[in-house]
Amino acid sequence: MARNMDLFEKIGIDGSYLVIGALAGMLLLFILYIVLLSQHNKLKKKYNKFMEGADGSSLEQSILQRFQEIDAIKQDNETNNKDINHIKERLSFAYQKMAVIKYDAFQEMGGKLSFSLCMLDETNNGFIITSMHSTREGCYTYVKEIIKGESFVLLSEEEKEALDEAKNKSI
């Protein structure tokens with residue numbers, strides 16, 4: 003040991019400073035150990051609370067159940083999208099635009115009992131029903147086909163008005 007002291011004296015270091023430095027290092031390491039131990043205990047408490055009342059397998063089962071629910075929701079969403087697209091396709095052929103023009107066909111005193119009803123689908127295909135009422139001669143009903151917003155049969159003013167009104171309606 004005396005030799006070691008001689009070595010420190012030759013270098014110019016006092017051995018007591020070396021011992022004090024080592025003790026300070028040990029004290030620092032001990033403080034760091036206590037801090038790490040405290041953090042470990044906090045983490046262990048959080049883990050135990052997370053796993054409280056269950057083992058790892060029940061937690062895994064809960065997670066798998068949520069994944070199954072997500073898969074079921076995805077499947078339902080795909081089914082809903084297919085149904086919506088099918089409904090849109092069918093709706094394009096349904097009569098969506100309508101207009102009724104009432105009038106007195108023969109200028110009689112019977113009131114406005116005559117009418118022209120125009121019904122069109124999304125692409126302006128459909129028909130016009132015209133019913134002309136007369137107090138003397140009865141009632142006459144006509145149907146005229148409309149293709150792409152046009153009639154290939156001559157239309158009366160009221161029928162033209164009903165057709166224009168129906169075509170201008172927004173879907």
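To get this note's numbering, take the position in the sequence shown, counting from 1, and add 2. We put the CB at the ideal spot given by N, CA and C, even for glycine.
- By the neighbour-count definition (other C-beta atoms within 10 Å, threshold 16), A107 is a buried residue.
- Burial state of E161 is buried, judged by a 10 Å Cβ sphere holding 16 or more other Cβ atoms.
- Measuring C-alpha to C-alpha distances from I130 to each of G151, V37, N87, S136 identifies G151 as the nearest.
- Ranked by how close their Cα comes to the Cα of Y97, the residues S153, N126, Y144 have N126 in first place.
- Using a 10 angstroms sphere on the CB of L122, the tally of other CB atoms reaches 16 or more, which defines it as buried.
- Between M134 and S116, the alpha-carbon positions lie close to 5 Å from each other.
- Scanning the region 52-119 for uninterrupted alpha helix (DSSP H) segments of 4 residues or longer gives 58-93, listed from N- to C-terminal end.
- Of the residues Q109, M53, K51, I103, the one whose Cα lies closest to the Cα of D166 is I103.
- Only residues of its own chain outside the window of five on either side were considered, and among them C120, A164, E167, A168 have a CB closer than 6 Å to the CB of A101, listed in chain order.
- Of G27, Y142, T132, K99, the smallest CA-CA separation from S172 is found for K99.
- For K146, the pairing in a beta bridge is given by DSSP as I130.
- Secondary structure of L25 (DSSP, three-state): helix.
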